[in-house]
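In the numbering used here, the protein residues as written are -16 to 93. Structure first, then comments.
Written as structure tokens, this is what we have:
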């Protein structure tokens, strides 16, 4: 949050609903960064918004904290999820392409 407040952040990727502290830091930034939000509903005016189905609206399965799988029936009227897979593939490609360019502290082996 301090980096955002000092204007040292160029862009922020928000996945889902932002926590109140993050939203407040972005709203109060002297030089607001570019915001990309991947969520079921937008939370920021002027942000690049990529709509995705809320995880509990889409059918499928998820793992509880105790390791048990739980079936999620989803909502029949949920919109189709067209963007999440493409977004995640794009993020992964950028991270993998820049893996060697990432600055590391001395002594931290890859």
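Just so you know, even glycine gets a beta-carbon here, dropped at the ideal spot from N, CA and C. Please read these numbers as outputs of a predicted model, since none were measured by experiment.
Here's a check: name, in chain order, each residue in its chain whose Cβ is nearer than 7 Å to the Cβ of residue i, leaving out the five neighbours to either side.
{"i": "residue 46", "result": "52"}
{"i": "residue 42", "result": "55, 56, 57"}
By Cβ distance below 8 Å, which residues in the same chain neighbour residue i in space, the five residues on each side in sequence not counted?
{"i": "residue -14", "result": "-8"}
{"i": "residue 4", "result": "-16"}
{"i": "residue 74", "result": "-4"}
Figure out for me which residue from the options has the closest Cα to the Cα of residue i.
{"i": "residue 35", "options": "29, 42, 21", "result": "21"}
{"i": "residue 11", "options": "-2, 50, 27", "result": "27"}
{"i": "residue -2", "options": "-10, 32, 14", "result": "32"}
{"i": "residue 17", "options": "24, 29, 72", "result": "29"}
{"i": "residue 14", "options": "2, 25, -6", "result": "-6"}
{"i": "residue -11", "options": "57, 8, -4, 75", "result": "8"}
Any idea what DSSP makes of residue i, helix, strand or coil?
{"i": "residue 107", "result": "This structure does not reach residue 107, given that the chain is present from -16 up to 93, and the question cannot be answered."}
{"i": "residue 16", "result": "coil"}
{"i": "residue 36", "result": "coil"}
{"i": "residue 5", "result": "helix"}
{"i": "residue -5", "result": "strand"}
{"i": "residue 74", "result": "helix"}
{"i": "residue 22", "result": "strand"}
Enumerate in chain order the residues of its own chain whose CB-to-CB distance from residue i is below 6 Å, with the five nearest sequence positions on each side excluded.
{"i": "residue 19", "result": "-4, 31"}
{"i": "residue 48", "result": "none"}
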